[in-house]
Each structure stands twice: as C-alpha cells, then as structure tokens.
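To start, the structure itself, in structure tokens.
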Amino acid sequence: MAAEDATSRDTGAHAFEEIDWDRIDARGGRSVDGWAITEAAILVGLLAGFVYDYSAGTPTELIGLDPTAVEWLFSIVLVLGTFHVAVPLAENPRLTARYWRTFRKNRVAVGSLGFLLSILALGVVGPMIWVPPNETIDFATAYRPPVFAGGSWAHALGTDAQGRHLWHLIVYGMRVSMEVGLVSTAIAISIGTVVGATAAHVGGYVDEGLMRYVDLQQTFPVFVLLLFLVYLFGPSLLFIVVLYGFFGWEGIGRLVRSETLQRTEAVYVRAAEAAGAGRWWIVRRHLIPNVSGTVITAATLAIPTFILGEAALAFLGFSDPAVFSWGRTIAAGRSDLASAPWISTIPGVFLFLTVLAFNFVGDALRDAMDPR
Amino acid sequence: MGMKWYVVRRVAWALVATWIAVSLTFGLLVASPTPGADAAAAQAAAQGLDPEQARDRYLSQRGLDRPITEQYVEYMTDVLTLEWGYSVSQEETVIEALSEGWVNSAQYFIPAVLISVLLGWSIGLYSALNQYTLTDYLGSLVAYFGISIPNFWFAIVLILIVGVWFRDASLLGVSLAPLSLRTFYDASYPVFSVANAKQLILPVVVLSTASLAGQMRYSRAQALEYARAPFVKTARAKGASSWRVLTRHVLRVALVPLSTILIVDVLAVLFAGSFIIEAIFQIPGLGRLALEAILVKDTPLVLAVTLIPVFIAIVGNLLQDLAYVVLDPRIDYGDR
Amino acid sequence: MTDPLLRVDGLTTHFHTDEGTVRAVDGVSFDVAAGETVAIVGESGSGKTVAAESITRLVDTPPGEIVDGRVTFGGRDLTTLSDRELEGVRGAEIAHVFQNPQDTLNPVYRVGTQIAEVLRIHGGVSRAEARRRAVTMLDRVGIPDPASRVDDYPHELSGGMKQRVVLAMALVAEPDLLIADEPTTALDVTVQAGILDLLAELQEDLGMGVLFVTHDLGVVAQVADRVVVLYAGKVMERGDVHEIFESPAHPYTRALLQCLPGRGERGGSIGGELPDPNDPPPGCRFAPRCPYAVDDCRAGGQPAAHPVDGDRTHVASCVFHGPGQDRSRLEAPVDWTGGQRARSQSEDADG
Numbered sequence: 009m010a011a012e013d014a015t016s017r018d019t020g021a022h023a024f025e026e027i028d029w030d031r032i033d034a035r036g037g038r039s040v041d042g043w044a045i046t047e048a049a050i051l052v053g054l055l056a057g058f059v060y061d062y063s064a065g066t067p068t069e070l071i072g073l074d075p076t077a078v079e080w081l082f083s084i085v086l087v088l089g090t091f092h093v094a095v096p097l098a099e100n101p102r103l104t105a106r107y108w109r110t111f112r113k114n115r116v117a118v119g120s121l122g123f124l125l126s127i128l129a130l131g132v133v134g135p136m137i138w139v140p141p142n143e144t145i146d147f148a149t150a151y152r153p154p155v156f157a158g159g160s161w162a163h164a165l166g167t168d169a170q171g172r173h174l175w176h177l178i179v180y181g182m183r184v185s186m187e188v189g190l191v192s193t194a195i196a197i198s199i200g201t202v203v204g205a206t207a208a209h210v211g212g213y214v215d216e217g218l219m220r221y222v223d224l225q226q227t228f229p230v231f232v233l234l235l236f237l238v239y240l241f242g243p244s245l246l247f248i249v250v251l252y253g254f255f256g257w258e259g260i261g262r263l264v265r266s267e268t269l270q271r272t273e274a275v276y277v278r279a280a281e282a283a284g285a286g287r288w289w290i291v292r293r294h295l296i297p298n299v300s301g302t303v304i305t306a307a308t309l310a311i312p313t314f315i316l317g318e319a320a321l322a323f324l325g326f327s328d329p330a331v332f333s334w335g336r337t338i339a340a341g342r343s344d345l346a347s348a349p350w351i352s353t354i355p356g357v358f359l360f361l362t363v364l365a366f367n368f369v370g371d372a373l374r375d376a377m378d379p380r
Numbered sequence: 644m645g646m647k648w649y650v651v652r653r654v655a656w657a658l659v660a661t662w663i664a665v666s667l668t669f670g671l672l673v674a675s676p677t678p679g680a681d682a683a684a685a686q687a688a689a690q691g692l693d694p695e696q697a698r699d700r701y702l703s704q705r706g707l708d709r710p711i712t713e714q715y716v717e718y719m720t721d722v723l724t725l726e727w728g729y730s731v732s733q734e735e736t737v738i739e740a741l742s743e744g745w746v747n748s749a750q751y752f753i754p755a756v757l758i759s760v761l762l763g764w765s766i767g768l769y770s771a772l773n774q775y776t777l778t779d780y781l782g783s784l785v786a787y788f789g790i791s792i793p794n795f796w797f798a799i800v801l802i803l804i805v806g807v808w809f810r811d812a813s814l815l816g817v818s819l820a821p822l823s824l825r826t827f828y829d830a831s832y833p834v835f836s837v838a839n840a841k842q843l844i845l846p847v848v849v850l851s852t853a854s855l856a857g858q859m860r861y862s863r864a865q866a867l868e869y870a871r872a873p874f875v876k877t878a879r880a881k882g883a884s885s886w887r888v889l890t891r892h893v894l895r896v897a898l899v900p901l902s903t904i905l906i907v908d909v910l911a912v913l914f915a916g917s918f919i920i921e922a923i924f925q926i927p928g929l930g931r932l933a934l935e936a937i938l939v940k941d942t943p944l945v946l947a948v949t950l951i952p953v954f955i956a957i958v959g960n961l962l963q964d965l966a967y968v969v970l971d972p973r974i975d976y977g978d979r
Numbered sequence: 216m217t218d219p220l221l222r223v224d225g226l227t228t229h230f231h232t233d234e235g236t237v238r239a240v241d242g243v244s245f246d247v248a249a250g251e252t253v254a255i256v257g258e259s260g261s262g263k264t265v266a267a268e269s270i271t272r273l274v275d276t277p278p279g280e281i282v283d284g285r286v287t288f289g290g291r292d293l294t295t296l297s298d299r300e301l302e303g304v305r306g307a308e309i310a311h312v313f314q315n316p317q318d319t320l321n322p323v324y325r326v327g328t329q330i331a332e333v334l335r336i337h338g339g340v341s342r343a344e345a346r347r348r349a350v351t352m353l354d355r356v357g358i359p360d361p362a363s364r365v366d367d368y369p370h371e372l373s374g375g376m377k378q379r380v381v382l383a384m385a386l387v388a389e390p391d392l393l394i395a396d397e398p399t400t401a402l403d404v405t406v407q408a409g410i411l412d413l414l415a416e417l418q419e420d421l422g423m424g425v426l427f428v429t430h431d432l433g434v435v436a437q438v439a440d441r442v443v444v445l446y447a448g449k450v451m452e453r454g455d456v457h458e459i460f461e462s463p464a465h466p467y468t469r470a471l472l473q474c475l476p477g478r479g480e481r482g483g484s485i486g487g488e489l490p491d492p493n494d495p496p497p498g499c500r501f502a503p504r505c506p507y508a509v510d511d512c513r514a515g516g517q518p519a520a521h522p523v524d525g526d527r528t529h530v531a532s533c534v535f536h537g538p539g540q541d542r543s544r545l546e547a548p549v550d551w552t553g554g555q556r557a558r559s560q561s562e563d564a565d566g
C-alpha cells in the first residue's frame, strides 16, 4: 500500500518520508523508475516533433517522413501501448504466464494473435518499405490478375483499374485500419475509464448526470451521426478516428463503472481510505489497475467495430480521400466485379480476417482474464 | 403508484432527449461552414464585385444572418410542425420524399429485425442449453462469421456468386440459373408479391447477418449464466420438460438483461447497414435518399434522414426501458 | 419386510473436467423406507449433494455422468428411465428442496404461480384449482395471510418464508420421497428450528420418506432415524442414529463427533485434507488422515461395509471391523486435530 501522509500535503511539512511501496515492490527494490523515464522521454520527443511539424505550417520533412496528425496520434498510442501493456506484462511474469496458459489453449486465438501482430508490423513498417500506391500508377499494367489467377510475380496480387499494385494498396490499408482501430480505441478507453471510474467512485449527482449522458449518447446511432458530421465538416481521417473515439466509449464507461462499483466496497480500498488517501489517488492507483483486465477485453472487442465502421464509411466514399483505406479499394473495384474480381475481393479478405482475428483474440482474452 | 410515475419520467426523458438531439443538429448546422456563401463570394470576386457584399446577400437571402435565437426558434417550430423544408434534389417537399422512401426501407428492415431477434435468440438459447454439441459449435462459427464480415463486402461477394456465377454455372450438370437472384432492385413490383420477396432475399440476408450474430452471442451468454442457476435446477426438479425450462425459466429470466441490449443494439447495427444495403442493391429507400442528398448537398433532406434514425432510436430506447420494468418485478421504481 | 421406498445400489457419478475425471460419488449404497428420515452426512466435497441429485438425474450432464449403479424407486430403476418418464417422477413422486431459497426461487414469477406450476406440469389441474391448492399449501406451511401472499414475488419474502414456500412447492403434489439438501443451512438459527419442526409435521401427515443431506450433526441428531456417513464419495458408516452417536464405529465418524463445537473440549478441525478427487488414494479414502491406519488400510480399495458387532443394520467400511482384526486398537484415544489442540492449549497456558 502506498503510504502517503495526507497531512504533509496540507501543511507542507514532511512528517513522514513519502514512500511509494507499490513502485518499490514492483521494481524489486529500486526506487528510480526506469521505464517511466524512458516513456516520458519518448513522449516528450514525439510531442516536440508534433509541435514542430504543425507550427512550421507548410509540409515539413523529418527524417524523410511527413507524418499526418493521425500518424502522430498513432505513434503516441503505440508508445503508450508498449509501456502500459507490454511492459507491465513483462514485469509480472507469473501473472503473464497464468494468462498465457489459459489463452494458449485456444489455438485459433493464438493463430489470430500471430496474424494480428504481423498485420500491425506490416502496417507500421510497410509504408516505409513500399511506395505509396499512387506512385505505382501505370495504365499499361492495369487490370493484371494476381499471380495465382494467371498473373505474374511482378504484380503478385494484381493491379487495379489504374495499374496500382494491389499489394501496396493492401499494405497501406493495413496501416489505416490499424490506426483507426488502435487510436479510436485508445481514446475510447481513456474517456470511458475515467468517466466510469469517477462516476462509480464519486457517486451521487455526478454519477447520475454522467449516466444520463451515457444513455443519451448510446441512443444516437453513431454511423448516421458520422455521416452527417462528415457531410458538414468534410472527410478527414483524423476527424473520423477522433469521432469514433468520442462516440465509442459508452460501453467501456458502463463496464468500468460497474466493475468499480463492485470493487469500491473491497477491503483494500477501505484500507487506503483509512490511511488517508484521497479520492483521486484511490481511483488512479487502486481502482483503475484492477479493472484493466475487463477494459482490455472490451477494448479488443471494440477495435473491430471501429475498423469496420471506417471501412463502411470509406466504401460509401465518406472517408479521407488522401488515404487508401481497404473500404475505398473495395468500392473502387465494384464496377469491375465480374471482370476483375480480385480488386474488391482481396482487400475484403484481409479486412474480414483482421476483424475475425480481433474477435477471436478478444473472446480468448475474456476467457483468460475473467473466467466464470 | 411507483410504476406510473416511472413511466411518466421515462417518457419525459424521451422528449428531452429528442429536444436535445434536434437542438444539436441545429447547433451543428450553424457551426458548419457554408460552402454556398464562400462560392458566392468567390464568384463575386472573380467578376470584380465586392465579395463581402455577395456573401452577406447570400446569407441574408437564406435568413442565415438573423440572430441565432431567432433562427433556433424557427427551426424548432418547423421540425415540430413537420415543415421539414423543400428538397432541391427530389423536387418535392422533404416530407413527401420521406413518405415515398420509407416503405422501400421498411420492407427489408423489418424482416431483418425479426430474423435477428427471433432466429438469433432461438439459436443462442439452444446453444447455451446444449453446450458442446455440433449445433453449438456451428452456431458459434456462424456468429463469429457474422460479426466479422464487412457487410458491404459480403454483399458484393454474394452478388458475384448468386447474381453472376449462378447464372452461368451448373452443379453436377444441373444449371444453377434458377437460383440466380436479381441483384438490382426493381421498384415496380408490388410490395407483397413473390417477385418482390425474391429480390429482397439478398438484402435481408446481408443486413441480418451482423445483428443476427450479435444477438446469438448475447443470448447465448445470458442463457449460459442462467442455465446453471439454482432456480433452473428447481424447475427441473419439479418435473418440467426441457422445453418448459428453456422457455419459461431460462428465457423468461434472460429476457431481463437481454431486453436492455435488444432494441438499441439491433437498431444501431441495422441503421448503419441500411445505407450500405441500399447503395449496393440500389433500393430507393431512406438510406439511398440520404446518400444522394449528401452528394448534391441537399441539406434539408440530409437533416431529415439523419434525424429519423435518431427518433426511432429514442422511441426504441423508451420502449425498451418500459419493457424492462414489466419484465423484472424486482426493480425499485425509485431508480432506474 | 417390505421393500424400501428408495434403494440406492453402488451409485457412481463422475465429472469430466479439463483436469481429469472427478469421482464425486464412487459406489454409494443406502436405502430409505417410507415414513423414515435418513440423513446423509459429510463435509463439503464428500459427494453428498451429488449423490442426492443423482437419484433423479438432476446432475448436469455434461460434465457429469452417472457411470454405474442402480436407483430403485417404485419398482423401477431410475437410472434407466427415459427423460420423459423421469420428468413424470420428479415433482410428483420425488421432490427436492435445495439449500439457498434466495436462489432457488425464480425471481420473476409470483410464488403462487411457482407452486401451482408443479400441479400444472403433472397434469389435469386447472389454473383456478392449482391456485387454490397453492393457497392451501401456503397455509399448511405456516405462511400468514396466504390468500394475499400467494401473489407476492420471492424478493418480497424473508429467508425463512421463502424456504417455507420452497417446501410448499415441493410437497403440493404429495410426493412419496423428499430429498432435502441442506434446507436450513442458509437460514438463521432461530428460523431453522421452525423449518425443521414443519418438516417433521408434514412428513408425518404425508407418510413420506425423507432423505436429508447435511454437514451439521446437530441437525442430524434432531431429525434423523438413520444416518449414512459419506467421505470422499464413499460410504464410511451407516446405521441407526442412536448407534452412530453413542457408539460410532468408523474412525471418521468419531472424528466428526469429537470435533463438534460445544462438546466439552475445544472443537477443532480434523488435520489433513480431502484426497484429490481426480486421483484418490488406493485403499481406504480416509487412511491418509486416519491416526489408526495400518498397512492393510492403504491398499486393496475401500474396505467392504462390515457389520458392527454382528448388527447388519449398522455397518462401517473399516478394516478393523472386518474379520481377523483387533478392534480394541480403535479404543486408544487420538488427537484428531493433528496437534492443533495441544498447541493452542499450551499457548493458553503461557499467555
């Protein structure tokens, strides 16, 4: 338990030395938090880069890249994900082993996890290796079939109506899907967790008010709303990603609230209160870490909804025209369906498998972390 | 009586929610850029005239320069009195356009809702009580398939197979052509005819898939919670048959949590899907109306078609809450 | 001698889990005569609930499975009946009362409806008639103002009243056998007595046999005519209640009796743990914890149920009651708590 002397905060005098037992226990006795420093450094670096990119106005190049706003967010999410999911897992090998043992029993889920990691890797690294699809436009090589349907290895997955290599379209699409899935979910988790935990812990009118709002938000059909908003404000991937995050957190919020409610009565929370810990402290240090299992499961199952949603918007033509979402490629191939079915089919297969994989993994995670 | 007061409160809340929704759309409209004004200004500048004046004239012609409160009041009254404006693209009033289109939407939407719920719940319940059987595994697979497959892609693939390949292919020497379905909707058939039903098969199948799968999973999960419940054992100890246990005990109790996800979830999935379905199968319903309106920037129509799903969702939510108190005698009308 | 109402012969029920096969009930035999109360006693994990539920095949299959044995009731073997025939028996001829009335009543139906359901299932009773009989039954089990309480929901009743409702539900069709699994464990002590009295009364009125499953020896002393002691899925001892309490033959029974709280000495728990249900010890199941155990105990499967002092109605599954063994060795006093009591006594002396 963290031993924080409440009075020392008020009076400024240090009656006790502030000892953060949690951190000491977790780090095996060291009191300097190496991971936190690294994370902070990386985030500060990213933030600085972001500010530089946007204050300089005109398109600027950093190390030969020109990231868009969504890509900045994506990098931040990746960093947060590494430090708040991967690192804690690595630091608690016993817990991780326990989860893994149950998870491992579900071979389909394990395969899916592998698939997803490959897609993530390709999505992150791919656009650095393969040129953007528009640079492969060549009307002379339009409508080439994929290699398994009579084509050649020069265009392994075929080409579209303007000669773009389908493989490039797929890889860039991977990045878009990963960006949408992960960033939206990260936003949704953040908002949902804070709202849910606060509502549960503070209770009273705050709780009532927040839950009424959640009700209202849940009533609104998000997709319709998004269409309307895109109509009004124009399509941009950033807009779509952020909106999905802002309108997709109710489920997580409700979940966190009910889990927190169950735990608020738990003994260790009462002990912390008795020791003088403030409400915020309890919410942050005790309640939130303990509902993280449920949240991760809910998040993994939320990611596919966002990916599918953006794909549908792209299919209808409402997504960012500068971006090569899978939905857009599928839509583009519709008119040539009978003669060149691969243009629509192959991205569709990837989309389907990605979403399917997330669902398998999410269900398996739920079984591993919350068996009942 | 507690219940009457609860009903009144829920209805009042539904009205408040409606008011908030309509006000929000107004707010969004006001906050959004008016490309028409920019275009007028640009045009004026190109002709050597004063762009600011052109912009002001454009705005005042449409009453967009009046105080916000005045515009708001007018907006709200219009909505309430069903004066939803004139649709430039359809060349009729918005209300007229809607009343023509809604039938086309309803004829595939309603069957999709029914299938999702009735079939979804039956399979879900059956799977829960017959775990580890073949039906359970198959149902599970179908459910994963259903929630993962992108509906637009599924539609395209089905069109390819059923519409194109079946026409020319044959299986074991028998031509599959008769199985081939018309893939693009012909609005000339009467609503309740066989031909119309045939052309609705694909749209309904594609639209139902996702929500059917979702309902299967939810109902199975809830039923599993209750399948091993003590009161189920009591029912069996009384000599109840499996059917009776399933319907009168498991289902009846599971309805309580199921009803909370029913309407809103099913509707949300189906609304999103309807745009896709109408776009792909060319059904002239509300969804396609919306998409066309968006393309030509016919704002009154876009607004109307956005608000309709919101209204339906609010009403659905209200019905769901009312059903919940009927289904669960335990709740205290003091809170939700 | 008339046939007993219920005869259970070598009942064996296994559960198939990911970790292996749990042999919850492994060759249990006993019988119940009309009008008598037989108590099945054991600690948690002894298999008593599974045994009781196996009689009418209420055990969830999967993962459970009745692997062997015969359950004879009304001239038929219940383990071989079809589902439909079994459904006819349940509720009408054999009734169940379970432990926690909070959970055993369906929360969304009125209590009258739930009682009447038994009659509606077993046929030929109109709604009005069923309701009338439900009200009568509520009165019979001592619920005040039954005519209006019949429309109450379970959550509107107290724990004791709920259990009375459960009894009403079980007995409204006048079954021949009642299987009561820990019916008073979840209730306040003050309420317990009322329920037990009611049960005795109803039993006499209806001439039923009662199979009473419990871990509480105090309750056993109150209600039982005969006792079956179960441990790790097997019968350790069986006999008349007076014999069991006054001259317990099996070491396990003795341990149970000695460790009862309020028996003069400070009660404690029996040292050691239950055997692993997936992999029970060869030989007597109790041997690992038994201070009297000898080599013969640890091999050769569970000892047969030997008659005690030649009395065939009192049997114990212990080698010391078999031929060629020295029974007097069981007379030596032992410390069942495995040293716990001694240690705490010396602590008292110091502190």
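Chains as they are written, first to last, in our numbering: chain G, 9 to 380; chain D, 644 to 979; chain L, 216 to 566.
Even for Gly, the Cβ is constructed at its ideal location relative to N, Cα and C.
None of the values given here were measured: they were computed from a predicted structure.
CA-to-CA distance, residue j to residue i, given in whole angstroms
i, j, result
"Phe245 (chain L)", "Leu445 (chain L)", "11 Å"
"Glu480 (chain L)", "Ala44 (chain G)", "With a pLDDT of 47 at Glu480 (chain L), under the threshold of 50, the modelled position of that residue is not reliable, and the figure given next carries that caveat. The alpha-carbon atoms of Glu480 (chain L) and Ala44 (chain G) are separated by roughly 59 Å."
"Ile351 (chain G)", "Met182 (chain G)", "15 Å"
"Ser39 (chain G)", "Arg860 (chain D)", "Confidence is the limiting factor: at Ser39 (chain G) the pLDDT is only 38, short of 50, which leaves the residue's position unreliable and the question unanswerable from this model."
"Ser917 (chain D)", "Gly645 (chain D)", "39 Å"
"Leu692 (chain D)", "Asp61 (chain G)", "38 Å"
"Val85 (chain G)", "Val333 (chain L)", "59 Å"
Best match in the options for proximity to residue i [C-alpha to C-alpha]
i, options, result
"Leu889 (chain D)", "D:Gly691, D:Asn773, D:Leu762", "D:Asn773"
"Asp494 (chain L)", "L:Val223, L:Thr295, L:Arg238", "L:Arg238"
"Thr232 (chain L)", "L:Thr276, L:Gly242, L:Ile255", "L:Thr276"
"Val179 (chain G)", "G:Ala207, G:Trp138, G:Val214, G:Gly171", "G:Trp138"
"Arg895 (chain D)", "D:Leu938, D:Leu929, D:Val875, D:Val912", "D:Val875"
"Ala872 (chain D)", "L:Leu273, L:Thr351, L:Ser543, L:Leu489", "L:Leu273"
"Ala531 (chain L)", "L:Glu251, L:Met451, L:Pro538", "L:Met451"
"Gly409 (chain L)", "L:Tyr467, L:Gly375, L:Val380, L:Arg544", "L:Gly375"
"Thr337 (chain G)", "G:Leu174, G:Ala282, G:Gly253", "G:Leu174"
Cβ separation of residue i and residue j, assumed to be a contact under 8 Å, to the nearest whole Å
i, j, result
"Val7 (chain G)", "Arg262 (chain G)", "Limits of chain G in this structure are 9 at one end and 380 at the other, which puts residue 7 (chain G) out of reach."
"Trp808 (chain D)", "Phe360 (chain G)", "Not a contact, Cβ separation roughly 19 Å."
"Gly200 (chain G)", "Ile260 (chain G)", "3 Å"
"Phe827 (chain D)", "Phe924 (chain D)", "7 Å"
"Thr236 (chain L)", "Asp283 (chain L)", "Actually they are not in contact, since the Cβ atoms of Thr236 (chain L) and Asp283 (chain L) sit about 13 Å apart, beyond 8 Å."
"Ala348 (chain G)", "Gly341 (chain G)", "7 Å"
Entirely enclosed beta strand (DSSP E) segments - the segment 376 to 447 of chain L, minimum 3 residues: 392 to 396, 424 to 429, 441 to 446
Scan the segment 238 to 277 of chain L and note each continuous beta strand (DSSP E) run of 3 residues or more that stays entirely inside, going in chain order. Counting only runs of 3 or more, we get 252 to 256.
Evaluate contact between the segment 848 to 863 of chain D and the segment 741 to 755 of chain D, counting only Cβ atoms and requiring at least three cross-stretch pairs below 8 Å. Touching, per the Cβ criterion.
Would you mind listing the alpha helix (DSSP H) stretches within the segment 842 to 885 of chain D that are 4+ residues and don't spill past its ends, in chain order? For the segment 842 to 885 of chain D, whole alpha helix (DSSP H) runs of length 4 or above, ordered along the chain, are 873 to 880.
Would you be able to state if there are at least three C-beta pairs under 8 Å between the segment 327 to 336 of chain G and the segment 655 to 666 of chain D? no
Does the segment 250 to 263 of chain L come within contact of the segment 307 to 320 of chain L, defined as at least 3 CB pairs closer than 8 Å? Contact between the segment 250 to 263 of chain L and the segment 307 to 320 of chain L is absent: fewer than three C-beta pairs spanning the two stretches fall below 8 Å.
Between the segment 734 to 747 of chain D and the segment 684 to 692 of chain D, do three or more beta carbon pairs fall short of 8 Å? no
Where in the segment 88 to 117 of chain G do unbroken runs of the alpha helix (DSSP H), each at least 4 residues long, occur, reported from the N-terminal end onward? 95 to 99, 101 to 113
Which parts of the segment 281 to 318 of chain L are runs of the beta strand (DSSP E), unbroken and 3 residues or longer, counting only runs that do not cross its ends? Counting whole runs of 3 or more residues, the segment 281 to 318 of chain L contains the beta strand (DSSP E) stretches 309 to 312.
Please determine if the segment 517 to 536 of chain L and the segment 453 to 463 of chain L are in contact, where contact requires at least 3 C-beta pairs separated by less than 8 Å. yes
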